[in-house]
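Undergrad:
Number of protein chains: 2
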Amino acid sequence: MTVTTEVQLHLCPKFHAAVELIGKRWSGAIVQLLLKGPLRFQELQRAIPEISDKMLSERLKELEANGVLLRQVVPETPVRVEYRLTEKGQALEGPLKMLSEWADTWLLTPDVFTVP
Amino acid sequence: MTVTTEVQLHLCPKFHAAVELIGKRWSGAIVQLLLKGPLRFQELQRAIPEISDKMLSERLKELEANGVLLRQVVPETPVRVEYRLTEKGQALEGPLKMLSEWADTWLLTPDVFTVP
Numbered sequence: 030m031t032v033t034t035e036v037q038l039h040l041c042p043k044f045h046a047a048v049e050l051i052g053k054r055w056s057g058a059i060v061q062l063l064l065k066g067p068l069r070f071q072e073l074q075r076a077i078p079e080i081s082d083k084m085l086s087e088r089l090k091e092l093e094a095n096g097v098l099l100r101q102v103v104p105e106t107p108v109r110v111e112y113r114l115t116e117k118g119q120a121l122e123g124p125l126k127m128l129s130e131w132a133d134t135w136l137l138t139p140d141v142f143t144v145p
Numbered sequence: 030m031t032v033t034t035e036v037q038l039h040l041c042p043k044f045h046a047a048v049e050l051i052g053k054r055w056s057g058a059i060v061q062l063l064l065k066g067p068l069r070f071q072e073l074q075r076a077i078p079e080i081s082d083k084m085l086s087e088r089l090k091e092l093e094a095n096g097v098l099l100r101q102v103v104p105e106t107p108v109r110v111e112y113r114l115t116e117k118g119q120a121l122e123g124p125l126k127m128l129s130e131w132a133d134t135w136l137l138t139p140d141v142f143t144v145p
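Put into structure tokens, the structure is as follows:
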């Protein structure tokens, strides 16, 4: 292996961080749902029946800590809490749309695949 | 919530399967490296020093089982084993490139972010 090849094989740490962020179980799903507009906790729960309250809560906190979404308290009676994407989160629309198109083309039915 | 909203909030199972496949720890990294051309096990190891032999081996098997890459035995002396993307794997170039661009724009340095 030449030195040039070794340099080319360097893994981009930013890319890896992005995959880790979006690829965490249900994180991509949450972002994809929020691309359609702000949602309440219960609405996200209903859209992802497989997720537990605890995990949904954890993922929302992680995505908030990473600046992907905001937790917004709407001063109504009763108070309404909404989750909405930031500009950074909204910018994931392109990559997620392309991944979705890839999935439509290349994945027949999810249960055929061996992702545990 | 109206019935229409509920329909819109349905999570696409193919999209979710794609995120799960690529988002598994190091899977995205392996595919990104192979986009540059076929690589041997040792070359992948060198490019991802943090990955253990066992995990690299597991990920390669999963990606092979999902039709993303092929394990190819090149009949040389000594025998050379290479991993190369299939057409399906190569088609991930677009989505991963867009995610990489998002990361370049929005992630400052990976250690700033709180992805464990």
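Chains as they are written, first to last, in the numbering used here: chain A, 30 to 145; chain B, 30 to 145.
The beta-carbon is built from N, C-alpha and C at its ideal position, and this holds for glycine as well.
K43(B) and A132(A) look like a contact to me (Cβ under 8 Å); what is the Cβ gap, rounded to whole Å?
TA: Contact flag correct, Cβ pair sits at about 4 Å.
Undergrad: Pick helix, strand or coil for E122(A), following the three-state DSSP scheme.
TA: Three-state result, E122(A): helix.
Undergrad: Any chance the stretch 118-127 of chain B sits against the stretch 54-66 of chain B, with 3 or more Cβ pairs inside 8 Å?
TA: Segments in contact, yes.
Undergrad: Tell me, to the nearest whole angstrom, how far the beta carbon of L73(B) is from that of L92(B); I am working on the premise that it is less than 8 Å.
TA: Not a contact, Cβ separation roughly 11 Å.
Undergrad: Under 7 Å, do L136(A) and A46(B) count as touching if we go by C-beta distance?
TA: Yes. Within cutoff.
Undergrad: Contact check, R88(B) vs S56(B) under 8 Å by CB: the rounded distance?
TA: Indeed, because the Cβ distance is near 5 Å, the residues count as touching under 8 Å.
Undergrad: When the Cα of T115(A) is compared with those of I77(A), R109(A), L99(A), which residue comes out closest?
TA: Cα-wise, what sits closest to T115(A) is L99(A).
Undergrad: With 7 Å as the limit, tell me which residues of the stretch 105-131 of chain B have their beta carbon closer than that to any beta carbon of chain A; keep them in chain order.
TA: Taking 7 Å as the Cβ-Cβ cut-off against chain A, the residues of the stretch 105-131 of chain B that qualify are K117, A120, L121, G123, P124, M127, L128, S129, W131.
Undergrad: Throw me the rounded Cβ distance for the L50(A) and Y112(A) pair, which I believe falls under 8 Å.
TA: Actually they do not touch by this definition, with Cβ atoms about 16 Å apart.
Undergrad: List the residues of chain B that D133(A) touches, going by C-beta distances under 7 Å, in chain order.
TA: Neighbours of D133(A) on chain B, chain order: K43.
Undergrad: So if I threshold CB-CB distances at 8 Å, which residues from the stretch 60-77 of chain B count as touching chain A?
TA: For the stretch 60-77 of chain B, which is checked against every Cβ of chain A, the residues closer than 8 Å are Q61, L62, K65, L68, E72, R75, A76, I77.
Undergrad: Would DSSP call E79(A) helix, strand or coil?
TA: Looking at E79(A) - three-state DSSP - the assignment turns out to be coil, as it is neither helix nor strand.
Undergrad: Looking only at DSSP bridge pairs, what is E111(A) linked to?
TA: Per DSSP, Q101(A).
Undergrad: Taking the beta carbon of K90(B) as the centre, do at least 16 other beta carbons fall within 10 Å, making it buried, or is it exposed?
TA: Exposed, by the Cβ-count rule.
Undergrad: Within 7 Å of any Cβ in chain B, is that where the Cβ of V48(A) sits?
TA: At least one chain B Cβ lies under 7 Å of V48(A).
Undergrad: CB A94(A) to CB I77(A), shorter than 7 Å?
TA: No. Outside cutoff.
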